[in-house]
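J.: Residue numbers (my numbering), protein chains in the order written: chain A, 1 to 351; chain B, 1001 to 1142; chain C, 2001 to 2178.
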Amino acid sequence: MPRSSKDDIMILNRKTWIYILTLAIVLVIFVFFFVFNRPEPYIVKDEIILGTYVRVVVGSDKNPNAIMDSMIREMKRIEKKFSSTITDSIISKINQNGKNITEIDQETRFVIERSLAIADITNGAFDPAMGRIIKLWGFDRISEPDFTPFVPSDGQILQALSHCGYKNIEISKEGIYLKNDVQLDLGAIAKGYAIDRAVQVAKEMDSSCTGYVDAGGDIGIIGPKFGGAKWVVAVKNPRGESSTDFVRYVQIDQGAIVTSGDYERYFEAGGRRYHHIFDPATGKPAEGTISSTIIAQTAMDADALSTAAFVLGPRYSVQIMPSLGGQGFFMDTAEKEYLTDGWSYFDIDEK
Amino acid sequence: MISMRNDFRIGDQEYRFFKKRDILAYLIFFAVIIFVIFSFFGNNTGDKITVLIGGKKTYEFDKNTKGVYALKNDANDFLMNLVIEENGIYIRDSACPLKICEKHGYLSRNFDAIVCVPQKVIIRFSENEKIVEDLKYDIITK
Amino acid sequence: MQNRLNSRTKSHGSRIVLLAMFVVMSSIIYVIEVYVPVPIPLPGFKWGFSNSIVLIVLLVFGSKEAFSVAVLKSFLGSLLAGRLFSPVFFIGFTGGIAGIITMIVFLKKFRNGVILTSIYGSFINNIFQLTVSYLFFIKSEFVFVYLPYVSVIGFAAAILNVYIAIGGIKWMENLNIR
Chain A
1 MPRSSKDDIM ILNRKTWIYI LTLAIVLVIF VFFFVFNRPE PYIVKDEIIL GTYVRVVVGS
61 DKNPNAIMDS MIREMKRIEK KFSSTITDSI ISKINQNGKN ITEIDQETRF VIERSLAIAD
121 ITNGAFDPAM GRIIKLWGFD RISEPDFTPF VPSDGQILQA LSHCGYKNIE ISKEGIYLKN
181 DVQLDLGAIA KGYAIDRAVQ VAKEMDSSCT GYVDAGGDIG IIGPKFGGAK WVVAVKNPRG
241 ESSTDFVRYV QIDQGAIVTS GDYERYFEAG GRRYHHIFDP ATGKPAEGTI SSTIIAQTAM
301 DADALSTAAF VLGPRYSVQI MPSLGGQGFF MDTAEKEYLT DGWSYFDIDE K
Chain B
1001 MISMRNDFRI GDQEYRFFKK RDILAYLIFF AVIIFVIFSF FGNNTGDKIT VLIGGKKTYE
1061 FDKNTKGVYA LKNDANDFLM NLVIEENGIY IRDSACPLKI CEKHGYLSRN FDAIVCVPQK
1121 VIIRFSENEK IVEDLKYDII TK
Chain C
2001 MQNRLNSRTK SHGSRIVLLA MFVVMSSIIY VIEVYVPVPI PLPGFKWGFS NSIVLIVLLV
2061 FGSKEAFSVA VLKSFLGSLL AGRLFSPVFF IGFTGGIAGI ITMIVFLKKF RNGVILTSIY
2121 GSFINNIFQL TVSYLFFIKS EFVFVYLPYV SVIGFAAAIL NVYIAIGGIK WMENLNIR
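1. Beta-carbon separation of A:Ala129 and A:Val182 under 8 Å?
2. Would you call the CB atoms of C:Val2031 and C:Leu2107 closer than 8 Å?
3. For B:Asp1138, count neighbouring Cβ atoms within 10 angstroms of its own Cβ and tell me buried if that reaches 16, exposed if not.
4. Go to C:His2012, then tell me how far its alpha helix (DSSP H) extends in each direction, as first and last residue.
5. Counting beta carbon pairs with one atom in the stretch 270-281 of chain A and one in the stretch 89-106 of chain A, are three or more of them shorter than 8 Å?
6. By DSSP's criteria, A:Cys209 is part of a beta bridge. Which residues make up the other side?
7. Roughly how many angstroms lie between the CA atoms of C:Ala2066 and C:Phe2137, to the nearest whole one?
8. Please determine, among A:Gly155, A:Phe267, A:Gln106, the residue with the shortest C-alpha to C-alpha distance to A:Ser172.
9. Below 8 Å on the Cβ atoms is my guess for A:Gly326 versus A:Leu305; work out the distance and round it to an integer in Å.
10. Report the CB separation of A:Phe139 from A:Val111 in whole angstroms; it is logged as a contact under 8 Å.
11. Could you pull out every unbroken beta strand (DSSP E) segment of at least 3 residues lying fully inside the stretch 43-115 of chain A, listed in chain order?
12. Since A:Thr307 and A:Phe126 should fall inside the 8 Å C-beta cutoff, what is the C-beta to C-beta distance between them, to a whole number of angstroms?
13. Below 8 Å, how does it come out for the stretch 2106-2123 of chain C and the stretch 2154-2172 of chain C: are there three or more Cβ pairs, yes or no?
14. In this structure, how does DSSP classify A:Thr22 when only helix, strand and coil are distinguished?
15. Can you confirm whether B:Ser1108, when its beta carbon is compared against all beta carbons of chain A, has any partner nearer than 8 Å?
16. With burial defined as no fewer than 16 other Cβ atoms inside 10 Å of the residue's Cβ, what is the status of B:Glu1014: buried or exposed?
17. When you compare each of A:Phe330, A:Lys336, A:Ala334, A:Glu335 to A:Trp343 by their alpha carbons, which one comes out closest?
18. Counting only beta-carbon atoms, is A:Ala24 nearer than 8 Å to chain C?
19. Does any C-beta atom of chain B lie closer than 8 Å to the C-beta of C:Arg2178?
20. What does B:Glu1090 reach in chain A if we use C-beta pairs closer than 9 Å?
21. Determine, using beta carbons only, whether B:Ile1139 comes closer than 8 Å to chain C.
22. Could you list the residues in the stretch 212-232 of chain A with a C-beta less than 8 Å from some C-beta on chain C, going in chain order?
23. Going by the beta-carbon positions, is the gap between A:Gly217 and B:Ile1140 smaller than 8 Å?
24. Identify whether C:Phe2136 lies in helix, strand or coil by the three-state DSSP scheme.
25. With a threshold of 8 Å on Cβ separation, who are the neighbours of A:Ile49 within its own chain once the five nearest residues in sequence on each side are excluded?
26. Would the stretch 1118-1126 of chain B count as touching the stretch 249-265 of chain A if we require 3 or more Cβ pairs under 8 Å?
27. Is the stretch 292-304 of chain A close to the stretch 312-327 of chain A, with three or more CB pairs under 8 Å?
28. Looking only at C-alpha atoms, which of A:Ile104, A:Lys203, A:Thr148, A:Lys225 sits nearest to A:Glu170?
29. Quick one, which of A:Gln251, A:Ile222, A:Arg265 has its alpha-carbon nearest A:Ala234's?
30. From the DSSP secondary-structure annotation, give me the bridge partner or partners of B:Asn1081.
31. Short of 8 Å in beta carbon distance, which residues of its chain neighbour A:Ile43, apart from the five on each side in sequence? Order them along the chain.
32. In angstroms with no decimal places, state the Cα-to-Cα distance between A:Ile101 and A:Leu178.
33. Put A:Gly223 into one of helix, strand or coil per three-state DSSP.
34. Are at least three pairs of beta-carbons, each pair with one atom in the stretch 152-166 of chain A and one in the stretch 263-273 of chain A, less than 8 Å apart?
35. For B:Gly1088, count neighbouring Cβ atoms within 10 angstroms of its own Cβ and tell me buried if that reaches 16, exposed if not.
36. Bridge partners of A:Trp343, per DSSP?
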C-alpha cells in the first residue's frame, strides 16, 4: 500500500507506542514511590504516667519512635521530680525542709514561680500550697491500690486550712522556704508542665513534627494534623451517660486544651461524691461548677487556669479568663453552658 | 437512533450487548456486592480488644469470644475480670478499692479506654493504635 | 455505512488524528467530572463517564489504542484539572489502568457482551481506587465501607457509558469527516 510522506511522519509504529507507554508508567511509579510512599503517618503509644492514661501521637519524617521514647521519658522524669508522694522528689524535699531554705534548680524555680503568678492573678483560686488539705482528704493517694475513702470533720478541715495558702511560699535567690507549716502540691500544674515539656522535646528533635499529647484529657498539640489540618477536640459531657457523649467540638492546631471536671477523680462516701478540686476558701471540694475547659498557649497555664475557673465558678470565670490568657467553656451545676467571647474562634458549631 | 437489537457491527467487528456466557460473570458481580454489603453492615467481625498492663500489650481478645477473662499482671496477681458480652465489654470484680474501672461501664469505640491507674491497666479497642479517620473528632478532653 | 468510519481507522494519518481527538475528548470529560458532585465524600471519586470514550476506542480501534487513550486521558485530564501527580491522580491512574485491562480481557479474550465488559471495567477500577487510597493515602480500612456504594454508582454509570459509546459511534459514522 503506497503512502504519502506526510503519513510516514505521523506513523507511530508499535515500538514507539510501547516506548512511550513504558516511559509514562515508569515515571508514574517513580514519582509515586519517592514522593508519596511515606512511612505510617502517626505512631501511637499508651502509657500510665502522672497517675493518668497518657496517649502520645507522633508524626515525623525523622525517627518518630525515638521522639516518642524521649517524650515519654521526659514525662516520667517530671512525674518523679514534682510528685508530692515520691519521697526523694524535689517537692517532698521542700516540704520536709519547711522553714529551712531548700536550694532549687532553674526548672523547679520556673514551675513554682509560674504557679505563684497564676495564684496571684486568680486571687488564690488556684493555690499550689494546698498540700495539707489534699493530704487530709487523701487525694494524694487516690491512685494507690490501698486507697480508702475518708471524709474529714469540719474541725479537721479548718485545722488543715490554717496551714495553707500560697502567700506562705517564700522564694529568693538562695532557694525556697515555706512559712506557717504549709505543704506544696503542684498536682494541678505539673501535668500541664509535663505535657508542655513533651511537646517541646518533640519539636526540638524535629521542628516539623506533628501530633499531640493527651494526658487524661489534658491535651497539648505538637503540630497540625498531617501538617495542615486542625485537630478536632471533643469536650466530654460531664453528665453524659456514655463516654462518647460530647457537648462541644473545637478545632486547634497549636497550644493546649485542658478540662477540669468533678467526674474524673472522685470517691464516694455516705452517698455523696467528693471530687479532687478544692476550694482554697473552704477546704472542701469546690461547688458550683461541673466542668471547666480552657484553651491556652501552654498546657501549664491551661491546667492551672481550668482549676482556678472551676473554683471561681462559671459566672465569674467567663468574665476574667480571656484577660488571663485563656478562652474557656464552663458548665454550672444546672448544666447551663458559659462561653468566653473568644471561644467561638475555636468552636466548630459556633462558627 | 440506537437500535434495540442485541448485536451490532463496527467495521468487521461484531459485538453483542448481552451474551449467554455473561450470566456467570453477572452472578459473580452481584454475589461480590452482596457479600461486601453483608460483611460491612452485618456484625463487625475481627474487632480486637487490647489490654495493656504496665504499658505492655499483655492480652488481646476478640470482641466475639464471649466470656469472663481474669486479667493478671506479671507477678500473677489477680487484677480484675474482663467481661465480653453481647451488649458490650466491661470490668467487674476489680481488686482495687475505688473500682473506677467498674464505674466506667461499657467500653465504647473511638478512643475510649477503661483505665485502672493503680494497677496500670489500659483496656481499649486495638484500632486505637492508629488515628481513626472517620470520626467527627480526633481527641477527647475530659 | 459503518465502513466509512472503519476505513478511516485503517489509514495511519487519520488514525492518529482521531485517537488524539478521543484523548482530548475524554480528558475534557474527565476535567468536567472533577466538578460534578458525587454522593460519596471520597477524594477523587468520579462518575467515570470519560470511560465511554475509552470504550469507543476499544470498540472501533482495538486494545492497544484503548489502553493508550486511557493512560493519556489520565495524564492530560489531571494536568488540565491541575492535579497531576497529586494523590488523587495516582488513585485515578491505577484505577484507570486496571479498568482498561479488565475491559480488554473481558471483551477480546473472554468475548463477553459489551455491557458486562463495561460493568466489570468500572467495578475493578473502583476496587483498585479504594485499595490504592487505603494502602497509601487514607490508611484506614474504613474506605472499604464505600465499596457497595461506589459499585452501585459504577454499575449505573457503566451501563450508561455503553449507550453513550454506541450513540457516539453512530453519530461519527454519519459525519463526513474528511
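A virtual CB, placed ideally from N, CA and C, is assigned to each residue, including glycine.
T.: Judging by the given coordinates:
1. yes
2. no
3. buried
4. 2012-2034
5. no
6. Beta-bridge pairing links A:Cys209 to no other residue.
7. 28 Å
8. A:Gln106
9. 4 Å
10. A:Phe139 to A:Val111, Cβ: 20 Å. No contact.
11. 43-49, 52-59
12. 5 Å
13. yes
14. helix
15. yes
16. exposed
17. A:Phe330
18. yes
19. For C:Arg2178, the predicted structure reports a pLDDT of 38, less than 50, and the residue's modelled location is therefore unreliable. The matter cannot be settled from this model.
20. Sequence inspection shows Tyr at residue 1090 of chain B; the Glu mentioned does not correspond to that position. The contacting residues do not exist; B:Tyr1090 stays about 12 Å from chain A at best.
21. no
22. none
23. yes
24. helix
25. Ile72, Met75, Lys76, Glu79, Ala194, Ala215
26. no
27. yes
28. A:Ile104
29. A:Gln251
30. B:Ala1070, B:Arg1092
31. Val57, Val58, Gly59, Pro64, Asn65, Met68
32. 8 Å
33. strand
34. no
35. exposed
36. DSSP output for A:Trp343 lists no bridge partner at all.
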